[in-house]
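For reference, the structure discussed in these notes is given below.
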Amino acid sequence: KVRFINNHTGSLFTEDFESMHKLIEVLDRYGITFVDSRTTAKTKVPEIMETLHRPYISRDVFLDHSPDVPSVKKAVAHAVKIAKKYGYVIAIGHPHKNTLKGLVESKEVLKQVRLVYIDELADNLKR
Numbered sequence: 001k002v003r004f005i006n007n008h009t010g011s012l013f014t015e016d017f018e019s020m021h022k023l024i025e026v027l028d029r030y031g032i033t034f035v036d037s038r039t040t041a042k043t044k045v046p047e048i049m050e051t052l053h054r055p056y057i058s059r060d061v062f063l064d065h066s067p068d069v070p071s072v073k074k075a076v077a078h079a080v081k082i083a084k085k086y087g088y089v090i091a092i093g094h095p096h097k098n099t100l101k102g103l104v105e106s107k108e109v110l111k112q113v114r115l116v117y118i119d120e121l122a123d124n125l126k127r
């Protein structure tokens, strides 16, 4: 069953309050939570979630903003640092060759934290 969804096809949609509000209301009917990729600083999702009294869940780190392996590894290390400081981090990336290679090469760094699926994290954030 689908429990989470995000928009990673462009930021114009997440900047549109009315369209995002309608989407989130429909998702709510199906028990699906929207995770904001924060592809734009003008995202309307935090405001909408507040008006609907829903938890706002968003990414903290893009793993492959720069798609080369060293940059991915640097982003992973940054994500781990945030997780250790705040107790969690939401990091997202693409299933590209360099992203996957960067993750594999970051195995030792990732051992410093416990990796969980977003549903476990979201359930804890809602409490």
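For the sequence shown, position 77 (counting from the first letter as 1) is numbered 77 according to my numbering, and the numbering increases by one without interruption.
Here a beta-carbon is modelled for each residue, glycine too, at the ideal position from N, C-alpha and C.
Here the structure is a predicted model, which is why all the values come from computation and not from measurement.
Asked	Found
If you follow the alpha helix (DSSP H) that Val-26 is part of, which residue opens it and which one closes it?	17 to 29
With DSSP as the reference, please indicate the residues paired to Lys-92 in a beta bridge.	In the sequence as displayed, the identity of residue 92 is Ile instead of Lys. For Ile-92, which the question treats as bridged, DSSP gives the partners Phe-62.
Should Val-89 and Asp-60 be called a contact, given that it needs their Cβ atoms to be closer than 8 Å?	yes
Closest to Val-72 by CA distance: which of Thr-40, Thr-39, Lys-101, Thr-9 is it?	Lys-101
So, with DSSP's three-state summary, where would you put Val-116?	coil
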